[in-house]
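The sequence shown lines up with residues 1 to 270 when you count with our numbering.
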Amino acid sequence: MSSVAPPSNYDLRFEVLGIPVRVHPFFWMFSALLGMTGARNDLRLVALWVACVFVSILVHEFGHALMGKWFGGSPSILLYSLGGLCYSGTERTPGQRLAVVLAGPAAGFLLFLATLLVYSLLYHITPAEHLALVRPFVGLTPNAQAFLGGLSKLPSGLGRDVSLIRETYVQMVQINLYWTLINLLPIWPLDGGQAAQVVMTQANPRNGLRWSHGVSFVTAGLIAIFLGVQSQDLFITLFMGYFAYINYEQLQRLHEASRFSKDDDDWWRR
């Protein structure tokens, strides 16, 4: 854990359900910077964004941790500048490893559904209206009548004031739907890429690791190129470009390892 984000005197430490959590100060800084890039010149909205990111990533990591604990592990959670990590320290079967990997996105999706449920109970937003409000987050055109109907039920601010209740809905939906879907892409080290790696190494123990990084490199590279041409979202474009680069590096390392261990069927495990 310390190799990723060394402990500091400013770490926030606590424990939930017997699982220790450490929050590195860079987590707060990077979350705030990301919030400021979203055209949020209101400090209240930046603070709200940081709070939503904290809750969402913590729930995601607890999905991994609780599943790991179910299989007899001793998990711990770290939140740091680039997101979160869950450590278990227990070897698992491929099926258990797959369950632990997918439990994180599942927890995030459940938090997304819980957000919709709470707003339905409080503001009587119908499923059709939720669907219309959610569709723009995944690039789909909503039904105009349902969209306006759902929007009208969300409290609005007075004058130029922004409704924190409406903004909380937007941010929780954006984080826990949009980012959950991105996290399921077959790109290592995202959860989808780790799940693909488990499946591919089982299907082909010798070349599966190489295949998984190859798929990750191509997928991340194509998405980065597409977003670079079609989108103005510089962050996600650079995000995918970075993932393409680190998977290219992994492929290079595997290639070098194969050159020195051509007759060793277990070279890929090293």
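No residue lacks a Cβ here, since even glycine has one placed at the ideal position from N, Cα and C.
Cross-strand partners of residue i (DSSP beta bridge)
i          : result
residue 21 : 14, 77
Cβ-based neighbour list, residue i, same chain, cut-off 6 Å, excluding 5 preceding and 5 following
i           : result
residue 146 : 128, 129, 132
residue 201 : 208, 209
residue 10  : 25
residue 246 : none
residue 165 : 155
residue 272 : Summary: the structure shown does not reach residue 272, with the chain confined to residues 1 through 270, and so no result is reported for it.
residue 67  : 99, 100, 103
residue 88  : 68, 73, 75
residue 86  : 61, 64, 65, 75, 77
residue 20  : 76
Proximal residues to residue i (C-beta, below 8 Å), its chain only, five neighbours per side dropped
i           : result
residue 167 : 45, 48
residue 50  : 28, 31, 32, 35
residue 26  : 5, 80, 81
residue 177 : 109, 112, 134, 137, 138
residue 52  : 168, 171, 172, 175
residue 254 : 209, 210, 213, 268
Rounded separation between residue i and residue j - CA only
i           : j           : result
residue 248 : residue 217 : 6 Å
residue 226 : residue 207 : 28 Å
residue 104 : residue 54  : 14 Å
residue 155 : residue 163 : 6 Å
residue 142 : residue 259 : 53 Å
residue 61  : residue 122 : 28 Å
residue 204 : residue 174 : 37 Å
residue 56  : residue 18  : 19 Å
residue 14  : residue 107 : 20 Å
residue 23  : residue 230 : 35 Å
residue 37  : residue 238 : 14 Å
residue 8   : residue 64  : 25 Å
residue 84  : residue 244 : 20 Å
residue 184 : residue 116 : 21 Å
residue 241 : residue 70  : 35 Å
residue 96  : residue 187 : 20 Å
residue 152 : residue 144 : 12 Å
residue 182 : residue 148 : 27 Å
residue 114 : residue 59  : 12 Å
residue 16  : residue 140 : 38 Å
Spatial neighbours of residue i in its chain, beta-carbon cut-off 7 Å, leaving aside the 5 residues before and after
i           : result
residue 150 : 125, 129, 130, 132, 133
residue 98  : 195, 198
residue 256 : none
residue 119 : 125, 169
residue 12  : 23
residue 228 : 237
List in chain order: all unbroken beta strand (DSSP E) runs of 3+ residues lying wholly within the segment 75-140. 76-80, 83-87
Which runs of the alpha helix (DSSP H) spanning at least 4 residues fall entirely within the segment 142-207, listed in chain order? 144-153, 164-173, 179-183, 191-203
Can you find at least 3 beta carbon pairs, one from the segment 203-215 and one from the segment 80-100, that sit closer than 8 Å? no
Check whether the segment 249-257 and the segment 221-230 are in contact - that is, three or more C-beta pairs closer than 8 Å. No, the segment 249-257 does not touch the segment 221-230.
With contact counted as at least three CB pairs below 8 Å, one residue from each stretch, are the segment 68-79 and the segment 188-199 in contact? Verdict: no, contact absent.
Of all the alpha helix (DSSP H) runs that stay within the bounds of the segment 225-256, which reach a length of 4 or more residues? none
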